[in-house]
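The block underneath contains the structure these notes are about, expressed in structure tokens.
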Amino acid sequence: MEARWKLVLLLLLAPFACGCARWNSADLESSSGSPLEPLKPRREQIVVDAVFLRLSPEQAKSLDAIWSAVDEQAIDPAVRHRLSRNGYRAGYLGHDLPADLQALIETAQNPVVDARNLDPAQAHEPGATRHQLYLRDQSRAELVVAPAQAQLHALVWHDGGVEGSTYQDGQPQFSVQAQQRPGGRIELRLIPEIHYGPFQQHYAAGEASMFRLDARRRRQTFAELAMAAGLAPGESLLLGRQTAQRGTLGDRFFGGGEQTPIADRLLLLRLVEEPVDALFAPAAPTGD
């Protein structure tokens, strides 16, 4: 009987005698080459400076010089063609801004607020206003671009031709979505929209699977004019209009209006330089 218990004890201790070790999570965390290395969370917020520029006729004379310094070729050619037909201009700017643009930006008011809760385009006088967008990864925000018009008439070019529409109390806006990319870059995706008509109440999904009652207007989304820009911290996306294409969507978004002293509008979106998690940080240069 005693011999049998000795045999059972020997079998129970056999795995420890064969080199098995306790699972140590510290070993897993310190092994930088391990595919099981825990992923660090993404940063909570993506901060984008939004500068709305309202140009007087005299200031609008600098538009050619400003756009000559913008990299419009960086926009996908097919997207750029659709935007151009509909009166939009868009392109990239690096850390160094054109002198004429920098001079306009320096006149901006500087309230650091969440532009989703404001209507910064209500000003009808030349000038500049700066706001900040606080975005969560892949969440949707709305950015008002121009004041509402009692009768907003717009021409939209499709592959099949041109179509004209009228929107009661129409207001140009962009749907904005940000998505983190490897290497510390952020992809900004913008879709033109027109919000119109009276406010209506709708049920919307809230936190903890609860529904909340929201008041919003109808909206026309122009998904075929969606544009995406991959920005590194400190880089910018500039948007404006093709001045020769009157009545188009781009003209309604960025034109000055007949009864205002504003000749043109520009929108500058700049990715704010903030620390990024190691997972999304640019790779450090290696020594020779």
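When we follow the numbering used here, the leftmost residue of the sequence shown carries the number 2, and every step to the right adds one. Ideal Cβ positions, reconstructed from N, Cα and C, are used throughout, including at glycine. Remember, it's a predicted structure, so these values are computed and weren't measured experimentally.
Going residue by residue through the region 44-75, where are the continuous alpha helix (DSSP H) segments of at least 4 residues, counting only ones entirely within it? 64-69
Exposed or buried, Val163, counting other C-beta atoms within 10 Å across all chains shown (16 or more means buried)? Looking up residue 163 in the sequence shown gives position 162. The residue in question, Val163, is exposed, as its Cβ has fewer than 16 Cβ neighbours within 10 Å.
For the region 210-229 and the region 189-197, state whether three or more C-beta atom pairs, one from each stretch, are separated by less than 8 angstroms. yes
According to DSSP, is Val273 part of a helix, a strand, or is it coil? Counted from its first residue, the sequence shown places residue 273 at position 272. Three-state result, Val273: coil.
Does DSSP put Glu30 in a helix, a strand or coil? Counting from 1 along the sequence shown, the entry for residue 30 is found at position 29. Note that Glu30 scores 34 on pLDDT, short of 50, meaning its location in the model is unreliable; the coordinates nonetheless yield the value given after this. Three-state result, Glu30: helix.
Measure the alpha-carbon distance for Val71 versus Arg213 and round it to whole angstroms. Counted from its first residue, the sequence shown places residue 71 at position 70. Counted from its first residue, the sequence shown places residue 213 at position 212. Val71 and Arg213: Cα-Cα distance of roughly 43 angstroms.
What residue range does the alpha helix (DSSP H) around Pro78 cover? The count along the sequence shown starts at 1 and reaches residue 78 at position 77. Start and end: Pro78 to Arg86.
Determine the burial state of Thr130: buried for a count of at least 16 other Cβ atoms within 10 Å of its Cβ, exposed for fewer. Against the sequence shown, residue 130 aligns to sequence position 129. The residue is buried, with at least 16 neighbouring Cβ atoms inside 10 Å.
What's the gap between the Cα of Gln243 and the Cα of Asp252? As a first step, residue 243 is located in the sequence shown; it is residue number 242 there, counting from the start. As a first step, residue 252 is located in the sequence shown; it is residue number 251 there, counting from the start. Rounded to the nearest angstrom, the two C-alpha atoms are 7 angstroms apart.
Enumerated in chain order, which unbroken segments of the beta strand (DSSP E) with a length of 3 residues or greater are wholly contained in the region 199-266? 212-222, 228-232 and 237-242
Burial state of Arg271, where buried means 16 or more other Cβ atoms lie within 10 Å: Position 270 of the sequence shown holds residue 271. Answer is buried; the Cβ neighbour count reaches 16.
Let's see if you can read the secondary structure: which residues bound the beta strand (DSSP E) around Leu105? Taking the first residue of the sequence shown as 1, we reach residue 105 at position 104. No beta strand (DSSP E) holds Leu105; the alpha helix (DSSP H) holding it covers Ala100 to Ile106.
Could you pull the start and end residues of the beta strand (DSSP E) that Asp170 belongs to? By one-based count along the sequence shown, residue 170 stands at place 169. Gly162 to Gln181 is the span of the beta strand (DSSP E), which, as asked, contains Asp170.
Which term fits Phe200, buried or exposed, when burial requires 16 or more other beta carbons within 10 angstroms of its beta carbon? As a first step, residue 200 must be located in the sequence shown, where it is residue number 199. So Phe200 counts as exposed.
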